[in-house]
Structures are given as C-alpha cells and as structure tokens.
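This is how it looks when you write it as structure tokens:
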C-alpha cells in the first residue's frame with residue numbers, strides 16, 4: 069500500500085512485529101492483536117478496517133498508461149490504493165442495497181481499425197444518451213453509467229490505468245498531478261477504451277497500435293467527427309487559425325494537440341501541415357503547455373453522495389463514514405450536515 | 073471500580089462533543105468509572121485533542137481498556153455493516169463490562185438499543201451534571217443552545233424539550 073517491503077514495515081513499527089509475523093498476517097495465517105492493527109494502520113496511513121476486509125477483489129484486464137521509469141513497487145502501491153477505493157465503494161453500495169452492475173454496450177462491436185473505434189465512440193454516446201454535444205462532466209457521466217472512477221495525485225510517470233473487477237465492473241483511475249483538465253478528460257476516456265473495446269482476437273495488435281486506437285476512441289468520443297468538421301468548417305483546410313482550435317478546446321474540453329491530430333486522422337489537414345503545427349506548438353508553448361482554458365468541473369461526486377445518503381439515513385456511524393472515506397472522524401463530524 | 077457504581081463506555085463522537093462544549097473536566101468529575109478503547113483513541117488525530125484526552129488518561133480518569141479480544145470485535149464488525157472497527161470495539165467493551173454506552177452517534181445508538189445495551193448521549197450527561205449540581209441550570213441551557221452549532225446532527229426537538237424541562241424545575 070505504501071510501497072514498503074515487509075522488513076521496512078517491521079522497522080517502521082519499531083520491531084513491534086517481526087517481518088515473519090507480518091507475512092503471516094498478509095497470508096491470513098495469523099490475526100494481529102488490536103495493538104498491532106492500530107500501529108499498522110498508522111504506519112500505512114490507512115484505517116484499521118483495511119485489514120478486516122471480507123472479500124478479495126479479482127482484478128483483470130489491468131492496463132497502465134505510464135512511463136517505463138515507473139518503479140514496480142510504486143505501481144503495485146498505486147494498484148493497491150485503487151483496489152482499496154473500489155472495495156470501500158462496493159461496501160458502501162452494499163450497505164445501501166445498491167447492486168453494482170455494468171453491461172458493456174461495446175462488447176459486440178469487434179475493433180479492427182480506426183473506423184471501428186469511431187463507430188464505438190458514437191455507439192457509446194448513443195447508448196448513454198449523450199447526443200453530440202460537449203460533455204460538461206465526464207466523471208459524472210461515467211459514474212452514473214456504472215463506471216467506478218478514481219482520481220489520484222501520484223508521481224508524474226503515470227497518466228492513468230484501468231481494470232475490471234470480477235470481470236464486470238470497469239474501474240478507471242486518472243493521475244491528476246498538476247495536469248490540465250483537458251488531459252485528465254482525455255485520459256479518462258482513453259483508459260475507459262482499454263476496458264470497453266473488444267479488439268479483434270484474430271489480429272495480433274502491438275501495444276502501440278492499441279494505444280493509438282484508444283487515443284482515437286477518446287478523441288472521437290470527446291468530439292464527434294461531424295461536430296468537429298462543422299466547427300472547423302469543411303472537409304479540407306489548408307490553414308487553420310489557432311483561435312479556431314482554442315474555441316474547440318474551450319467548448320469541448322479537448323486539447324489543441326489532440327484536435328490537430330484528429331484533423332489529420334480524418335484527413336481535414338495534410339501530414340505536412342500537421343507536422344508544422346506540432347513544431348509551432350512546441351516552439352511557442354513548450355512540450356506540455358498550450359493556449360486557451362477549458363473551464364470544466366471534473367470531480368468525484370458519487371461516493372460522497374452515497375456516503376451522505378447512508379449517514380442521513382443512519383445506515384452508518386460517523387466513525388464508519390470516516391473509515392470508508394479514509395479521513396479523520398473529526399472532519400466527517402464537522403462536514404456532514406443533515407436536517408433533523 | 074474506584075468505589076464508583078457504574079461504568080460509562082465512551083465513543084469518540086461523545087468525547088469530541090463534550091470537549092467542544094468545554095464540559096470534559098466536569099464530565100470526568102461525575103461519579104462513574106470511564107472507559108474507552110484504544111481503537112477510539114486512535115481515531116483522535118488532532119494533536120490538541122490528543123493532548124487534552126491524554127491528561128484524563130494520565131490521571132486515570134479515563135481508562136483505555138485494551139483487553140478486547142480481536143475475534144470478538146471482528147465478530148461484531150462483521151455482523152453490523154454500518155459500524156467501524158472502533159464502534160465494534162466499543163460495543164464489545166460495553167457488553168463485556170456490562171456498562172452504559174455513551175455515544176452521540178445515531179447509528180451506533182440504534183444498534184446498541186437493538187442488542188439491549190443501556191445507551192445514553194450528551195443530553196443525558198448535561199442533565200446528570202445539573203442533577204449532581206456540577207453545573208448550573210443556566211450553564212446547562214447555554215451549553216444546550218450551543219450544542220447544535222457544534223454537532224449539526226443533534227436532535228433539536230430533544231434539546232428544546234430538555235431546555236423546557238430545566239426551566240420548569
């Protein structure tokens with residue numbers, strides 16, 4: 069959880085527990101004492117309930133968007149944090165009697181190329197009744213359609229990742245770490261693509277190809293082609309003013325670089341013009357920055373909403389709420405209000 | 073039991089409420105034996121609150137009972153999905169010592185009543201302090217009016233009723 073080895077954890081507990089005992093707790097071969105449990109939770113900065121879980125989640129289709137420099141123990145620690153969040157989320161839903169179900173609307177569409185990812189993006193928009201307009205809150209859209217979302221603030225080497233829980237519940241995790249909101253939005257949908265798209269099993273896709281198709285899906289989902297063509301004013305353009313791209317960015321919440329790449333893919337601009345744009349962007353704004361500001365609101369809401377419901381109905385105690393939210397009980401006590 | 077008749081088992085919410093109402097000193101002067109669990113103390117993260125609670129632990133006004141058996145606490149925890157590990161430890165202690173559970177948390181109070189535990193809250197404490205003449209009726213009324221500002225989940229009707237009762241006496 070904290071990226072520590074058992075020896076490091078034992079050392080951090082001032083030899084209250086040996087590495088061997090920790091190993092037995094981990095394997096479920098021995099129970100810790102209450103004193104050890106409290107010390108462990110403090111050392112790992114988790115609630116004691118973390119060690120009392122009843123079910124172990126079965127993760128599949130784990131897909132990481134990361135740099136090769138990401139350390140293995142950091143990766144494992146991030147996955148553990150995501151698992152812990154999903155477990156708490158599912159526990160809260162269970163307390164409220166909510167059954168977490170998700171049916172993948174794209175499961176029957178076999179993906180072979182970019183035409184298929186375009187179709188998939190359109191199909192998902194249709195299935196979720198989103199029309200062709202900008203999506204003001206992607207997180208809310210995903211959460212209300214049964215996708216579990218988690219925002220993390222981690223090392224820069226990771227953009228996001230996704231996995232399936234018990235082969236059915238999609239989970240998307242995005243690293244916010246000072247990233248612009250358009251990048252967070254793009255990563256959300258890119259990661260979603262990894263778990264929803266049904267890649268043709270007869271074809272062996274290279275990782276790069278899968279990444280390109282997921283990028284294409286994200287871009288097509290964020291702004292449907294017909295809308296992009298309408299906004300850019302034609303099927304072919306020789307020159308484009310940056311203000312046109314800023315306008316698209318500020319309306320649809322998609323970065324200028326992603327839009328220019330998409331214009332190349334749908335053949336509105338040529339390869340040469342695309343390269344000129346990339347050079348211009350790098351020279352003028354650097355590798356990551358760009359002009360324009362999308363004013364959007366991407367926040368996790370559902371977990372807190374469910375928590376407030378559970379507290380208002382007295383289904384859970386304040387201490388339980390603090391444990392599920394992994395915050396101090398005093399914070400919950402001050403924050404939560406319900407009319408009595 | 074230091075010659076004191078009854079045992080009060082405190083959850084963290086009640087300790088926070090009494091601390092915010094500046095009634096902790098008076099509370100621990102009541103003729104009861106006060107107990108809590110290490111799980112409850114571990115929920116207190118604020119340094120100032122920890123120091124304040126530490127004073128009562130150091131002078132033995134508040135006994136931190138760590139004799140709760142892990143399996144018994146886990147049994148309670150597994151049975152009541154709406155309770156935390158700390159809540160479960162408090163229930164285990166109240167059952168084991170046959171004490172009165174003192175809690176200002178509705179969910180914990182509801183479950184305690186269901187299993188026939190004697191459970192009281194902050195309003196009962198204030199009433200006790202008045203009955204034992206440790207605070208005046210005026211102070212009690214002031215604290216009762218202050219209480220909803222400190223804990224936004226308190227039952228307003230019960231507070232009004234207690235204020236009326238105090239004024240009539």
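Protein chains in written order, with my numbering: chain A, 69 to 408; chain B, 73 to 241.
Every residue gets a Cβ at the ideal spot worked out from N, C-alpha and C, and that includes glycine.
| Asked | Found |
| --- | --- |
| Using the Cα positions of residue 374(A) and residue 160(A), report the straight-line distance between them to the nearest angstrom. | 7 Å |
| Does residue 266(A) come out as helix, strand or coil in the three-state DSSP assignment? | strand |
| Where residue 175(B) and residue 196(B) are concerned, what is the direct C-alpha to C-alpha distance, given to the nearest angstrom? | 10 Å |
| My understanding is that residue 155(B) touches residue 385(A), with C-beta atoms under 8 Å, so please give their C-beta distance in whole angstroms. | 6 Å |
| Provide the residue(s) that pair with residue 191(B) in DSSP beta bridges, ordered along the chain. | 173(B) |
| What residues match up with residue 108(B) in a beta bridge as DSSP calls it? | 136(B) |
| Are the C-beta atoms of residue 383(A) and some chain B residue less than 7 Å apart? | yes |
| Could you check whether residue 194(B) and residue 173(B) sit closer than 7 Å to each other, using their CB atoms as the reference points? | no |
| What residue from 356(A), 292(A), 342(A) and 203(A) has the CA that sits closest to residue 185(A)'s CA? | 292(A) |
| Please state the DSSP three-state secondary structure of residue 133(A). | strand |
| If I'm right that residue 109(A) touches residue 77(A) with Cβ under 8 Å, what's the distance once you round it to whole angstroms? | Going by Cβ atoms, the distance from residue 109(A) to residue 77(A) rounds to 12 Å, so no, they are not a contact pair. |
| Use the C-beta contact count for residue 111(B): other C-beta atoms within 10 angstroms, 16 or more gives buried, fewer gives exposed. | buried |
| So within the stretch 75-158 of chain A, which uninterrupted alpha helix (DSSP H) runs reach at least 4 residues, ignoring any that extend past its ends? | 87-95 and 102-112 |
| Provide the residue span of the beta strand (DSSP E) that contains residue 328(A), from first to last. | Careful: residue 328(A) lies outside any beta strand (DSSP E), inside the alpha helix (DSSP H) at 324-333. |
| Quick one: give me the first and last residue of the alpha helix (DSSP H) that residue 178(B) is part of. | 178-186 |
| Among the residues of its own chain, which have a CB less than 8 Å from the CB of residue 154(A), if the five just before and after it don't count? | 125, 216, 218, 233, 237 and 239 |
| Excluding the 5 residues flanking residue 75(B) on each side, which residues of the same chain have their C-beta closer than 7 Å to its C-beta? | In this predicted model, residue 75(B) has a pLDDT of only 49, less than 50, meaning its place in the structure is not dependable; the value taken from the coordinates is given anyway. Within the same chain, residue 75(B) has no close Cβ partners at all. |
| For residue 258(A), count neighbouring C-beta atoms within 10 Å of its own C-beta (all shown protein chains included) and say buried if the count is 16 or more, exposed if not. | buried |
| Give the C-beta separation of residue 180(A) and residue 284(A) to the nearest angstrom, bearing in mind that I take them to be a contact with Cβ-Cβ under 8 Å. | Going by Cβ atoms, the distance from residue 180(A) to residue 284(A) rounds to 12 Å, so no, they are not a contact pair. |
| Does residue 91(A) pass the burial test, meaning 16 or more other C-beta atoms within 10 Å, or should it be called exposed? | exposed |
| I'd like to check one pair, residue 221(A) with residue 245(A): are the Cβ atoms closer than 7 Å? | yes |
| I need the DSSP call for residue 220(B), collapsed to helix, strand or coil. | helix |
| Please check the pair residue 279(A) and residue 137(A), which I expect to be a contact at CB under 8 Å, by giving their CB distance rounded to whole angstroms. | Not a contact, Cβ separation roughly 17 Å. |
| Below 7 Å between beta carbons: does that hold for residue 79(B) and residue 114(B)? | no |
| For residue 189(A), which residues from the same chain have a beta carbon less than 6 Å from its beta carbon, with the 5 sequence-adjacent residues on both sides left out? | 285, 288 and 289 |
| Relative to the C-alpha of residue 166(B), which residue among 205(B), 188(B), 129(B) and 214(B) is closest? | 188(B) |
| Give me, in chain order, the residues of the same chain whose beta-carbon lies closer than 6 Å to that of residue 295(A); leave out the 5 immediate sequence neighbours on both sides. | 200 |
| Please work out which residues of its chain come closer than 6 Å, Cβ to Cβ, to residue 135(B), disregarding the five sequence neighbours upstream and downstream, and give them in chain order. | 107 |
| My output table needs one value for residue 242(A): the three-state DSSP class, helix, strand or coil. | strand |
| Taking the alpha carbon of residue 72(A) as the point to measure from, which residue in 351(A), 377(A) and 144(A) has its own alpha carbon closest? | 144(A) |
| Which value, in whole angstroms, describes the spacing of the CA atoms of residue 236(B) and residue 225(B)? | 20 Å |
| Within its chain, find whatever has a CB closer than 7 Å to the CB of residue 362(A); leave out the 5 residues flanking it on each side and keep chain order. | 249, 250, 317, 318 and 321 |
| Tell me the residue span of the alpha helix (DSSP H) that contains residue 238(B). | 228-240 |
| Can you list the residues of chain B that residue 411(A) reaches, using a CB-CB cut of under 8 Å? | What is shown of chain A runs 69 to 408, which leaves residue 411(A) out entirely. |
| Need the endpoints of the beta strand (DSSP E) that residue 187(A) sits in, please. | Here residue 187(A) belongs to no beta strand (DSSP E); instead the alpha helix (DSSP H) covers 182-195. |
| With a 10 Å radius around its C-beta and 16 neighbouring C-beta atoms as the bar for buried, classify residue 86(A) as buried or exposed. | exposed |
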